[in-house]
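Engineer: For the sequence shown, this note's numbering assigns the number 8 to the initial residue and increments by one for each residue that follows.
Cβ atoms here follow ideal geometry from the backbone N, Cα and C, with glycine treated the same way.
Okay, here's the structure, questions in a sec.
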Amino acid sequence: MLYLFFVSLLWAFSFGLIKGGLSDLPSSSVAFLRLLIALAAFVPFLRIRRLRPGGAARLLLTGAIQYGLMYVAYIQAFQYLKAYEVALFTVFTPIYVTLINDLFKRRLNLSALGAVGLAVAGGVIIKYQQLDSPELWRGFALMQAANLCFAFGQIFYRRTMATLPDRPSDLHVFGLLYLGAALAAAPATFGSDWTAFELTFKQGGILLYLGVVASGLGFFLWNFGARRVSAGALAVFNNLKIPLGILVSVLVFGEKAEWVRLSIGGALMATALFIRKKSK
8 MLYLFFVSLL WAFSFGLIKG GLSDLPSSSV AFLRLLIALA AFVPFLRIRR
58 LRPGGAARLL LTGAIQYGLM YVAYIQAFQY LKAYEVALFT VFTPIYVTLI
108 NDLFKRRLNL SALGAVGLAV AGGVIIKYQQ LDSPELWRGF ALMQAANLCF
158 AFGQIFYRRT MATLPDRPSD LHVFGLLYLG AALAAAPATF GSDWTAFELT
208 FKQGGILLYL GVVASGLGFF LWNFGARRVS AGALAVFNNL KIPLGILVSV
258 LVFGEKAEWV RLSIGGALMA TALFIRKKSK
């Protein structure tokens, strides 16, 4: 669990860094470069000679969905939402984790659907003044696409690694996930004007940090830890980054938030998680 807690703390700073430092850059290019940097960091550790083609394909698919498609949607959401709103709208990820885990096990727990409704109500309270805003709904839709991709990848990775012969080390195969992610994110950059893509020194530093530390190290430690806890515990840890991300975005990066509605809506979302946890 320490791995998941450490990564949650690490990711809490990513929301504000992306919004404050990279939001004026093409989102698809940022997503692709961030994943390419993570791939470069993990290529030296690849040891896949004894890995069967089917296992390698599953790992590539995991990375393509969990990181590639997720990042394309996630980075784009910052064009429509504040950093703390992006953090807040990840509240659905743990519910998706448990629903996807239930579907893989061919069962359906109705309490998860009730938790979704309660979490939606919390989001409505927090943002009710902007419910007629097309930008809010675009950002919300992009975040749910990102949440679903991230949730699916966590469960699929656990199941894939449990079935691979010889039980390879996470470190020795994780580069395949970043390769799949980069390949999945690359088509989104088609049509981008790379000649006009100019980074300031600060933006280059942020992108390097996000690629090596937040993405590279963070995603590795997250999936490493995800294999060592129950699906229920994994679902709960998926939301630890929300209060941390909101606090960092407001207190460190200076974003404005309406604390009364944020507290009431957040309480409803926390209740949704509590209900989901108790029903496991």
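Assign residue 65 to one of three DSSP states: helix, strand, or coil.
Structural biologist: Against the sequence shown, residue 65 aligns to sequence position 58. Helix at residue 65.
Engineer: Could you say which of 39, 225, 174, 158 lies nearest to residue 9 if we only look at CA atoms?
Structural biologist: Position 2 of the sequence shown, counted from the first residue, corresponds to residue 9. Comparing Cα positions, the closest option is 225.
Engineer: According to DSSP, simplified to helix, strand and coil, what is residue 197?
Structural biologist: As a first step, residue 197 must be located in the sequence shown, where it is residue number 190. Coil, per DSSP.
Engineer: Apart from the five residues on each side of it in sequence, which residues of its chain come closer than 6 Å, Cβ to Cβ, to residue 217?
Structural biologist: By 1-based counting over the sequence shown, the position of residue 217 is 210. The answer, listed in chain order, is 41.
Engineer: The alpha helix (DSSP H) spanning residue 209 covers which residue range?
Structural biologist: Position 202 of the sequence shown, counted from the start, is the residue given in the question as residue 209. Judged by DSSP secondary structure, residue 209 falls within the alpha helix (DSSP H) whose first and last residues are 208-216.
Engineer: Please work out which residues of its chain come closer than 8 Å, Cβ to Cβ, to residue 289, disregarding the five sequence neighbours upstream and downstream, and give them in chain order.
Structural biologist: Lying before the first or after the last residue shown, residue 289 is absent from the chain, which here runs from 8 to 287.
Engineer: At the level of alpha carbons, what is the spacing between residue 17 and residue 231?
Structural biologist: Sequence index remark: in the sequence shown, residue 17 carries index 10 (1-based). Sequence index remark: in the sequence shown, residue 231 carries index 224 (1-based). Distance between the alpha carbons of residue 17 and residue 231 is about 15 Å.
Engineer: Are the beta-carbon atoms of residue 154 and residue 99 separated by less than 8 Å?
Structural biologist: If you number the sequence shown from 1, residue 154 lands on position 147. If you number the sequence shown from 1, residue 99 lands on position 92. Yes, the pair counts as a contact, with Cβ atoms nearer than the cut-off.
Engineer: Quick one: Cα of residue 168 to Cα of residue 35, how far?
Structural biologist: If you number the sequence shown from 1, residue 168 lands on position 161. If you number the sequence shown from 1, residue 35 lands on position 28. Distance between the alpha carbons of residue 168 and residue 35: 29 Å.
Engineer: Hey, out of 171, 163, 37, 191, whose CA is closest to residue 58's CA?
Structural biologist: Stepping through the sequence shown from its first residue, residue 58 is reached at position 51. Closest by alpha carbon: 171.
Engineer: CA-CA distance, residue 178 and residue 33?
Structural biologist: As a position in the sequence shown, residue 178 is number 171, starting the count at 1. As a position in the sequence shown, residue 33 is number 26, starting the count at 1. Answer to the nearest angstrom: the Cα atoms are 31 Å apart.
Engineer: Report buried or exposed for residue 144, applying the criterion of at least 16 other Cβ atoms within 10 angstroms of its Cβ.
Structural biologist: Your numbering for residue 144 matches position 137 in the sequence shown. The residue in question, residue 144, is exposed, as its Cβ has fewer than 16 Cβ neighbours within 10 Å.
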